[in-house]
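Offset between the sequence shown (1-based) and this note's numbering: plus 1124. All residues carry an ideal CB built from backbone N, CA and C; glycine is no exception.
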Amino acid sequence: MKKERKPKIVIMGGGTGLSVLLRGLKQYPVDITAVVTIADDGGSSGRLRDELEIPPPGDIRNVLVALSDVEPLVEALFQHRFTTGDGLKGHALGNLLLAGMTSITGDFFHAITETSKVLNVRGRVLPAANQSAVLHAELEDGEIVTGESKIPYYGKKINRVFLTPEDVEPLHETLAEIKRADLLVFGPGSLYTSILPNLVVNKIGDAVLAAKAKKVYVCNVMTQAGETMGYTAFDHVQALHDHLGQPFINTAIVNNREIPCELRKSYEEEMSTPVVVDEERFVENNIDVIQEGLAKY
């Protein structure tokens, strides 16, 4: 009897949002590939990137753990962050292991492949590129901000983000996975510093546009200070379209669950508010909207 083919889902992003989605999705009978940003430059990841000249391992580490099938103690070990020690303080053990595996195998891609075996990962994890790159943002006044971790602190509207070097090449495996996908998912996660850094990698945007897969955007529940202040749900999608030069999202998944008053106040202190769902703009642009209670308290 012929084995039924699992639906192939490719998810692009970075940060906490991607890991949360993957942790739930791995419970279903689907073939998962996560494409993860290489633009992170903060904390342990940034230090290893600068000192060892490797792509930042932090987001990759979180995704590997999210898709892993190991004992809780092994997961905790991989996520353990040192709080003392000259040179060690602030580093996550998993980041150091990925750095060590990169040295052993010769490159970041093979380090991820071998670490995936160690963690019994369900699915495939790919970096957007096999080299490090620097993220820049062009603000509405024309100012250029350099560095992923610095972008949110300017508090100005972002026109676009881009990478240097501009000719950073994606992995052939990443392009192939995008082409084979039945479903391409973008988000949830920081729009300008987690999702778009994947799409502005040379050739990845074109591969997404050419892909026959349905393309879904999972919108954040809250706006983000310094990135999407005042953005509606459709504004998020429009930013994706603007960066690739044409519309490509077929469906948006948005939250319709009320945020409790006390929690809203806490977010407002951080200049963050619930994302307004402007359904009429989606209708005007022939984009389906799925409204669900995505927020959990």
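- The C-beta distance from residue 1146 to residue 1187 rounds to 6 Å, short enough to fall under 8 Å.
- Taken through DSSP and simplified to helix, strand or coil, residue 1225 comes out as helix.
- Around the beta carbon of residue 1344, 16 or more other beta carbons lie within 10 angstroms, which makes this residue buried.
- When rounded, the separation of the alpha-carbon atoms in residue 1416 and residue 1312 is 14 Å.
- Beta-bridge pairing by DSSP links residue 1339 to 1308.
- By the C-beta criterion, the segment 1300-1316 is judged to be in contact with the segment 1125-1135, since at least 3 inter-stretch pairs fall below 8 Å.
- The Cβ atoms of residue 1250 and residue 1159 sit closer than 7 Å to each other.
- If you draw a straight line from the Cα of residue 1412 to the Cα of residue 1211, it is about 50 Å long.
- Ranked by Cα distance from residue 1226, the first of 1364, 1256, 1195 and 1320 is 1256.
- Under DSSP, residue 1216 takes part in a beta bridge, and its partners are 1205.
- By the neighbour-count definition (other C-beta atoms within 10 Å, threshold 16), residue 1348 is a buried residue.
- Between the C-alpha atoms of residue 1195 and residue 1290 there is a straight-line separation of about 41 Å.
- Assignment of beta strand (DSSP E) within the segment 1337-1398, counting only whole runs of 3 or more residues, yields 1338-1342 and 1375-1379 in chain order.
- Straight-line measurement puts the Cα of residue 1236 at about 36 Å from the Cα of residue 1267.
- Short of 6 Å from the beta carbon of residue 1414, and not among the five residues preceding or following it, lie these beta carbons of its own chain, in chain order: 1377.
- Under the three-state reduction of DSSP, residue 1251 is assigned to strand.
- Looking at the backbone, the Cα of residue 1252 and that of residue 1325 are separated by about 7 Å.
- A straight-line Cα-Cα distance of about 18 Å links residue 1207 and residue 1199.
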